[in-house]
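Okay, so here's the structure we're looking at.
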Amino acid sequence: MTTTVPGTYTPQPGAAPLPRMIAAQAALETKMLLRNGEQLLLTVVIPTLLLVLFSSVDIVDTGKGKSVDFLAPGILALAVMSTAFTGQAIATGFERRYGVLKRLASSPLPRWGLMTAKTASVLVTEVLQIVLLTAIAFALGWSPHGNPLAVLLLLILGTAAFSGLGLLMAGTLKAEATLAAANLVFLLLLVGGGVIVPMDKYPSGVQDVLGLLPISALSDGLRDVLQHGAGMPWGDLGILGVWAVLGLGAAGAFFRWE
Amino acid sequence: MRSEPVLQVQALVKRYGTKTAVNGLDLVADAGVTAVLGPNGAGKTTTVETCEGYRKPDSGTVRVLGLDPVRESAALRPRIGVMLQSGGVYSGARADEMLRHVAKLHAHPLDVDALIERLGLGSCGRTTYRRLSGGQQQRLALAMAVVGRPELVFLDEPTAGLDPQARRATWDLIRDLRADGVSVVLTTHHMDEAEQLADDVAVIDAGKVIAHGSPEELCRGGAENTLRFTGRPGLDVGSLLKALPADSTAAELTPGSYRVGGKVDPQLLATVTSWCAQHGVMPEKISVERHTLEDVFLELTGKELRS
Numbered sequence: 176m177t178t179t180v181p182g183t184y185t186p187q188p189g190a191a192p193l194p195r196m197i198a199a200q201a202a203l204e205t206k207m208l209l210r211n212g213e214q215l216l217l218t219v220v221i222p223t224l225l226l227v228l229f230s231s232v233d234i235v236d237t238g239k240g241k242s243v244d245f246l247a248p249g250i251l252a253l254a255v256m257s258t259a260f261t262g263q264a265i266a267t268g269f270e271r272r273y274g275v276l277k278r279l280a281s282s283p284l285p286r287w288g289l290m291t292a293k294t295a296s297v298l299v300t301e302v303l304q305i306v307l308l309t310a311i312a313f314a315l316g317w318s319p320h321g322n323p324l325a326v327l328l329l330l331i332l333g334t335a336a337f338s339g340l341g342l343l344m345a346g347t348l349k350a351e352a353t354l355a356a357a358n359l360v361f362l363l364l365l366v367g368g369g370v371i372v373p374m375d376k377y378p379s380g381v382q383d384v385l386g387l388l389p390i391s392a393l394s395d396g397l398r399d400v401l402q403h404g405a406g407m408p409w410g411d412l413g414i415l416g417v418w419a420v421l422g423l424g425a426a427g428a429f430f431r432w433e
Numbered sequence: 010m011r012s013e014p015v016l017q018v019q020a021l022v023k024r025y026g027t028k029t030a031v032n033g034l035d036l037v038a039d040a041g042v043t044a045v046l047g048p049n050g051a052g053k054t055t056t057v058e059t060c061e062g063y064r065k066p067d068s069g070t071v072r073v074l075g076l077d078p079v080r081e082s083a084a085l086r087p088r089i090g091v092m093l094q095s096g097g098v099y100s101g102a103r104a105d106e107m108l109r110h111v112a113k114l115h116a117h118p119l120d121v122d123a124l125i126e127r128l129g130l131g132s133c134g135r136t137t138y139r140r141l142s143g144g145q146q147q148r149l150a151l152a153m154a155v156v157g158r159p160e161l162v163f164l165d166e167p168t169a170g171l172d173p174q175a176r177r178a179t180w181d182l183i184r185d186l187r188a189d190g191v192s193v194v195l196t197t198h199h200m201d202e203a204e205q206l207a208d209d210v211a212v213i214d215a216g217k218v219i220a221h222g223s224p225e226e227l228c229r230g231g232a233e234n235t236l237r238f239t240g241r242p243g244l245d246v247g248s249l250l251k252a253l254p255a256d257s258t259a260a261e262l263t264p265g266s267y268r269v270g271g272k273v274d275p276q277l278l279a280t281v282t283s284w285c286a287q288h289g290v291m292p293e294k295i296s297v298e299r300h301t302l303e304d305v306f307l308e309l310t311g312k313e314l315r316s
């Protein structure tokens, strides 16, 4: 038994400065994500494999031009979805289940501070993904065009839309249901959202509906800019904006912390 | 020095759907250690979680350190430490990593390494939370509650599932907190824990406080304590009674077996033995039976505490 000097526990309460709390929280969240094998599979391994495999082997007819020019924008959209939606939904769902959100709610870190830290962690992860996937795409002969500002806007609105939907799921369903549903949605949107399969492979009526999905808007917008050098893809930005408002609004209204 | 109460709960009502978890509960806790004692389902956790700001009262008022835990949560949270009944840690985090993180959220945290050593968490090494033993998880949650140097800590069943050694370590820490001026509100269904640690005990059943006082007061307040001895049959009980304080009782239950009831303290014991000496009686098998909180609880509710 170690003896403790009297006065060791004398109260000296106080919150750390807000920026320090948020930075610490964001760092911990990012560390947890990078340490989790399943998360890495989803955010790094699958996008990388799909990019390399489908660029090198002619499995899907990606239209005229190099297949990497078609695939890279779709894979970037997939990377955003994997982190902001699937990864964030699953991680937050289990944090809720295991009382992490509850415990943090009684710490000095305000709830909005926790959500800010989560967003920062998602953005840091996305930057890492984009650096990695862009490097691989260049190695595969990718030649992107277009306005970087349009790309940035698409990525930010896409992140907002997917975060809202992911948090809505995590904050309302049971952790196991979130795990299953987030993975299922990831798979369905991967196939049906213009990520690796061109939308014109689907019948035109189906295309119209699929085109309204956030993943289609993001991959289509990125492709318009990066492959075809289009200007601001206002239509796709508009769709993502509507999803972002609906998703974040619903998450804000229905999210339960325990 | 009298300061304002750390906790003031008045007529608290909290329902979940049709189930009333807390039903008009009143509780005032002063500085020191307050134990909220009661069987499972009595409303202990709901009461404590309302004080922590997790639940909004359906009616009644709650003040913690003079603050409303829901409306003034931002001002209150840095001043309290919370140990949940379970969980609260990222399943992939190591014990020291999580504790360091909580420390970073506070302005003047404790020395994390010393706290890790004190609670025997050093052996957790690189093990992540989900693979820690139940006892290690409990001690980590306790450490997280105190690391921010709070004025008041809430401990929800801090020793549930601990082995005797870890339980002792937790008790020692709670005593040190108290000695350094930290107030503690803990829930328990172990009466020995309340008797050992608490300055004040609130006994809760069915969402209400049914008894409140120091452990001594509660044990005295229930049925009277008893002293039993055996001697030769037919002693003059009336004469013994005259030697005893006014509110005492004395009776020969069966020939040669005597019971003295009342406030059993050293003085009473001395009075009985000196009466025996005067009357040439050798009291054999003399025994004192003190009422425990468990007896008190049984008398108050007709129920076992550990249900």
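In order, the protein sequence lines correspond to chains A and B.
Position in the first sequence (first residue = 1) + 175 = this note's numbering.
Position in the second sequence (first residue = 1) + 9 = this note's numbering.
Glycine included, every Cβ here is placed at the ideal spot set by N, Cα and C.
Keep in mind it's a predicted model, so treat the numbers as computed, not measured.
- Where residue 211 of chain B is concerned, the enclosing beta strand (DSSP E) starts and stops at 209 to 214.
- By the C-beta density criterion, residue 87 of chain B is buried, having at least 16 other C-beta atoms within 10 angstroms.
- Residue 429 of chain A has a beta carbon lying at 9 Å or more from every beta carbon in chain B.
- Between the beta-carbon of residue 110 of chain B and that of residue 191 of chain A there is about 11 Å, and that puts the pair past the 8 Å contact cut.
- With its beta carbon at least 9 Å from every one in chain B, residue 391 of chain A lies outside the interface.
- Those residues of the region 281 to 306 of chain A placed with their C-beta closer than 7 Å to a C-beta in chain B are 281, 282, 283, 284 and 285, ordered along the chain.
- Contact note: residue 115 of chain B reaches chain A through 189, 190, 191 and 283, using a C-beta cutoff of 7 Å and chain order.
- Judged by DSSP in its simplified three-state form, residue 68 of chain B adopts strand.
- Taking a beta-carbon distance threshold of 9 Å, residue 159 of chain B counts as an interface residue toward chain A.
- Put simply, the backbone Cα of residue 112 of chain B is about 22 Å away from that of residue 140 of chain B.
- Residue contact with chain A for residue 189 of chain B: present (Cβ-Cβ distance below 9 Å to some residue of chain A).
- Residue-level contact by beta carbon fails for residue 261 of chain A and chain B, as no gap is shorter than 9 Å.
- DSSP, reduced to helix, strand and coil, places residue 290 of chain A within a helical segment of the structure shown.
- Within the region 353 to 370 of chain A, contact with chain B at the beta-carbon level (separation under 8 Å) is assigned to no residue.
- The residues 226, 229, 230, 237 and 371, in chain order, have a CB closer than 7 Å to that of residue 246 of chain A in the same chain once the five nearest residues on each side in sequence are set aside.
- With a threshold of 9 Å between beta carbons, residue 194 of chain A makes no contact with chain B.
- Note on residue 214 of chain A: 16 or more other CB atoms within 10 angstroms of its CB, so buried under the neighbour-count rule.
- Each residue's CA atom was taken as its position, placing residue 268 of chain B and residue 243 of chain B some 13 Å apart.
- Contacts with chain A at 9 Å (Cβ-Cβ) include residue 83 of chain B.
- For residue 214 of chain A, the enclosing alpha helix (DSSP H) has its first and last residue at 212 to 215.
- Under the 9 Å criterion on CB atoms, residue 341 of chain A is classed as non-interfacial with respect to chain B.
- Interface residue (Cβ-Cβ distance to chain B less than 9 Å): residue 351 of chain A is not classified as such.
- Non-local beta-carbon contacts of residue 208 of chain A in its own chain, meaning distances under 7 Å to residues more than five positions away in sequence, involve 214, 262, 266, 296 and 300 in chain order.
- Between residue 415 of chain A and residue 336 of chain A a beta carbon distance of about 5 Å is seen, short of the 8 Å cut, so the two are scored as contacting.
- DSSP, read as helix, strand or coil, puts residue 138 of chain B in helix.
- The beta-carbon distance between residue 148 of chain B and residue 128 of chain B, rounded to whole angstroms, is 5 Å. This is short enough to meet the 8 Å contact definition.
- Taking a contact as a CB-CB distance under 8 Å, the pair residue 134 of chain B and residue 211 of chain A does not count as one, their CB atoms being some 19 Å apart.
- With 16 or more other Cβ atoms inside 10 Å of its own Cβ, residue 304 of chain A counts as buried.
- Those residues of the region 66 to 93 of chain B placed with their C-beta closer than 8 Å to a C-beta in chain A are 83, 86, 87, 88, 89, 91 and 93, ordered along the chain.
- Interface residue (Cβ-Cβ distance to chain B less than 9 Å): residue 268 of chain A is not classified as such.
- Counting only runs of 4+ residues, the alpha helix (DSSP H) found wholly inside the region 142 to 169 of chain B occupies 143 to 155, in chain order.
- With respect to chain A, the C-beta atom of residue 108 of chain B has no partner C-beta closer than 9 Å.
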